[in-house]
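Residue numbers (my numbering): 1 to 109. Beta carbons are placed, not taken as given, at the ideal position from N, Cα and C, and that holds for glycine. Predicted model only: the values in this text are computed from it and were never measured.
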Amino acid sequence: MSSAGLAVPPPKRSCDDDRCPFHGHAKVRGRLLTGKVVSSPGKSFVVIQMEYLHKIRKYNRFERRRSRLSAHLPPCLNAQEGDVVTVAETRPLSKTISFVVVESGRSRA
1 MSSAGLAVPP PKRSCDDDRC PFHGHAKVRG RLLTGKVVSS PGKSFVVIQM
51 EYLHKIRKYN RFERRRSRLS AHLPPCLNAQ EGDVVTVAET RPLSKTISFV
101 VVESGRSRA
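Take a look at the structure:
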């Protein structure tokens, strides 16, 4: 098991997934993002939604925006809908998945 070069604690459970950054061969690089899990359509990936503020310069106001991305979910991490997770960028794992879940947090109310 490796720390995958991240400042997050490794999971307590182990797995034999090749795409897991802690127990497999997936290398992480680039961005770390935090978002809320909104759905888990498959058994090994989740859809994460991130909310942010975008400034409208003309009116000097902010508007809320959100974006979604798909991320691989290793078996050693259990993230359900409503949980706040941290994802790390990796090589493209499929057509739409280029991120992997590295930390599963508490649920957001």
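List the whole-angstrom C-beta distance separating residue i from residue j, where the pair is believed to meet the contact cut-off of C-beta under 8 angstroms.
i, j, result
"V85", "F99", "Not really, about 10 angstroms apart at Cβ, beyond 8 angstroms."
In whole angstroms, give me the CA-to-CA distance for residue i and residue j.
i, j, result
"A71", "R19", "11 angstroms"
"K37", "S104", "For clarity, residue 37 is Val in the given sequence; the question names Lys instead. V37 and S104: Cα-Cα distance of roughly 10 angstroms."
"S14", "P74", "10 angstroms"
"S39", "H54", "25 angstroms"
"A7", "V102", "10 angstroms"
"K95", "V47", "14 angstroms"
"F110", "G35", "Nothing in the structure corresponds to residue 110, since the chain is present only between 1 and 109."
"R31", "P92", "14 angstroms"
Taking residue i as the reference, which of the options has the closest Cα?
i, options, result
"S67", "G82, E51, S104", "E51"
"A26", "E89, K58, T34", "E89"
"L77", "R65, K43, R61, L32", "K43"
With DSSP as the reference, please indicate the residues paired to residue i in a beta bridge.
i, result
"S104", "V85"
"L32", "A88"
"N45", "The question names Asn, yet the displayed sequence has Phe at residue 45. Beta-bridge pairing links F45 to H72."
"V38", "Paired residues: none, contrary to the question."
"K55", "F62"
Please decide whether residue i counts as near chain C, where near means a Cβ-Cβ distance under 7 angstroms.
i, result
"P92", "No chain C is part of this structure, which consists of one protein chain only."
Run through the region 71-96 for me and flag every whole alpha helix (DSSP H) of 4 or more residues, listed as ranges in chain order.
-> none
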